Ligand code: HEM
């Protein structure tokens, strides 16, 4: 079970890489107001949701305690991220503030995941 959980943590991290990478590589474009929500960002956010839910189930099946408040907050933040990226996925240019918000919320979730024990 430990190996399976660790495989899903790895997939979870690949999801972060895709979502945050899509943001970081467009910071210059964001400054010019020409950044867009790339497919990598949408698929990264979806990967976070699927692997996160799987991790909750796997940890509970393995009788490991899951911090429900922390997970609930991460889920709520991700739902906002996913909603924004999904709705604006076909727009060729996304407003600077909106694009920055997605990067900021993703970064906030990383710190919630790592600093909150
Ligand atoms: C942008 C969104 C998210 C980010 C950046 C993120 C980040 C992370 C990171 C860095 C870890 C590994 C560190 C650790 O073990 O605490 C992790 C683990 C985990 N994540 Fe996420 N996560 C996100 C969304 C979610 C969602 C939506 C769920 C569940 C619905 C979830 C559930 C979990 C679980 C169960 C673990 C296993 C470790 C634990 O007990 O906390 N994550 N996440």
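Numbering (this note's numbering), first residue to last: 11 to 127. Backbone N, C-alpha and C define an ideal beta-carbon position, used for all residues, glycine too. Owing to the predicted nature of the structure, the values given are computational and were not obtained by experimental measurement.
Proximity test, residue i beta-carbon vs the ligand HEM heavy atom, cut-off 6 Å
i           : result
residue 94  : no
residue 66  : yes
residue 58  : yes
residue 62  : yes
residue 120 : yes
residue 85  : yes
Beta-carbon proximity of residue i to residue j, cut-off 7 Å
i          : j           : result
residue 30 : residue 124 : no
residue 47 : residue 95  : yes
residue 99 : residue 52  : yes
residue 50 : residue 67  : no
Residue i (DSSP reduced to helix, strand or coil)
i           : result
residue 100 : coil
residue 12  : helix
residue 127 : coil
residue 76  : coil
Distance between beta carbons of residue j and residue i, contact taken as under 8 Å
i          : j          : result
residue 26 : residue 58 : 7 Å
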